[in-house]
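Heads up: the sequence shown is residues 372 to 636, going by the numbering used here. Ideal Cβ positions, reconstructed from N, Cα and C, are used throughout, including at glycine. In this text, all values refer to a predicted model and were calculated from it rather than measured experimentally. Here's the structure we're looking at; comments come further down.
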Amino acid sequence: RAGLLNVSVEGMMALGAISGFLAAFWSGSPIVAFAVAIVVGTIAGLIFGFLTVVRGADQIVTGIVFNLLALGLASFLYQSLFASALAVPQLQFTTAPLALPWLSTLPIVGRALFTQSPVVYLAYLLVPIFWVVLETSRWGLNVRAVGENPEAVDSAGINVWRIRLQAIGVGGAMAGLGGATIAVAQVGAYVDGMIAGRGFIVLAIVVFGGWNPWRVALAALLFGAADALQLRLQVSGVALPNQLLQGLPYLLTIIVVAFVARGAG
Numbered sequence: 372r373a374g375l376l377n378v379s380v381e382g383m384m385a386l387g388a389i390s391g392f393l394a395a396f397w398s399g400s401p402i403v404a405f406a407v408a409i410v411v412g413t414i415a416g417l418i419f420g421f422l423t424v425v426r427g428a429d430q431i432v433t434g435i436v437f438n439l440l441a442l443g444l445a446s447f448l449y450q451s452l453f454a455s456a457l458a459v460p461q462l463q464f465t466t467a468p469l470a471l472p473w474l475s476t477l478p479i480v481g482r483a484l485f486t487q488s489p490v491v492y493l494a495y496l497l498v499p500i501f502w503v504v505l506e507t508s509r510w511g512l513n514v515r516a517v518g519e520n521p522e523a524v525d526s527a528g529i530n531v532w533r534i535r536l537q538a539i540g541v542g543g544a545m546a547g548l549g550g551a552t553i554a555v556a557q558v559g560a561y562v563d564g565m566i567a568g569r570g571f572i573v574l575a576i577v578v579f580g581g582w583n584p585w586r587v588a589l590a591a592l593l594f595g596a597a598d599a600l601q602l603r604l605q606v607s608g609v610a611l612p613n614q615l616l617q618g619l620p621y622l623l624t625i626i627v628v629a630f631v632a633r634g635a636g
């Protein structure tokens, strides 16, 4: 909404995953892990913002290079710290699913949506918060104005750079939280490549959701359902190649991008 295309979400999620895992491994606290991942993601977002907003670097090229650097840095940190380990280091805890009364018993969607890690419920809560901030607050108005007509905003005396840096910082924080959620809340370990293209799927989700928090949340649930479906199909022994099933979310991404591109044309 602020006029930035954050292609580096993949790398920011990887940094969030490794930093969250290391914080959890050393502190034993998931809260500390998520907090550290948010800080690391914010710093990563501000670095991306500095390069693209302040220095005027191309957003696409910068995002691709940032992804390569971040993924390599995450792998380097992990290998440097745990290369001599005989087994993959595991966290002694994972954030256990919390079933919400009444809601978790709803047919079809109850268990899928309301028997989750507490951090997932935080994500649910963030959807209306971001919608209210973007649509009703002065800062949200500035963000939308900066994305739509930065020249007019600048002529009104509002610092376009500051607004965009703030926006990309928030986006980086959320990417870091997402990466830590995978490592800390779901897997309980860090593995190279565990983000597995989810950062690029995020871009498709945001475009498909029209930059509206509610529609983006629905799109995220759609892609999440596709990912869960391919896991369920593999377990059920469906007579299809595993590679085809694993590629189901990415196939859906291609279809969505093609559909959106056609609609935009």
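Practice task
Can you check DSSP and say which residues form a bridge with Thr552?
Solution key: Bridge partners of Thr552: none, in fact.
Problem - Close-in-space but distant-in-sequence residues of the same chain around Val459 (CB under 6 Å, 5 per side omitted) - result: Ala560
Practice task
Within 10 angstroms of the Cβ of Gly391, are there 16 or more other Cβ atoms? Answer buried if so, exposed if not.
Solution key: buried
Practice task
Could you check the C-alpha separation between Trp510 and Val498 for me, to the nearest Å?
Solution key: 17 Å
Practice task
Within 10 angstroms of the Cβ of Ser379, are there 16 or more other Cβ atoms? Answer buried if so, exposed if not.
Solution key: buried
Handout entry: Helix, strand or coil at Leu375 [DSSP, three-state]
Key = In this structure, Leu375 counts as coil in the three-state DSSP scheme.
Handout entry: Proximity below 7 Å, CB of Val587 to CB of Gly580
Key = yes
Problem - Assigned exposure category for Val480 - 16 Cβ within 10 Å defines buried - result: exposed
Handout entry: Endpoints, alpha helix (DSSP H) assigned at Pro489
Key = Here the alpha helix (DSSP H) through Pro489 covers 489-507.
Practice task
Kindly confirm or deny that the stretch 542-558 and the stretch 383-390 touch, where touching means at least three C-beta pairs closer than 8 Å.
Solution key: yes
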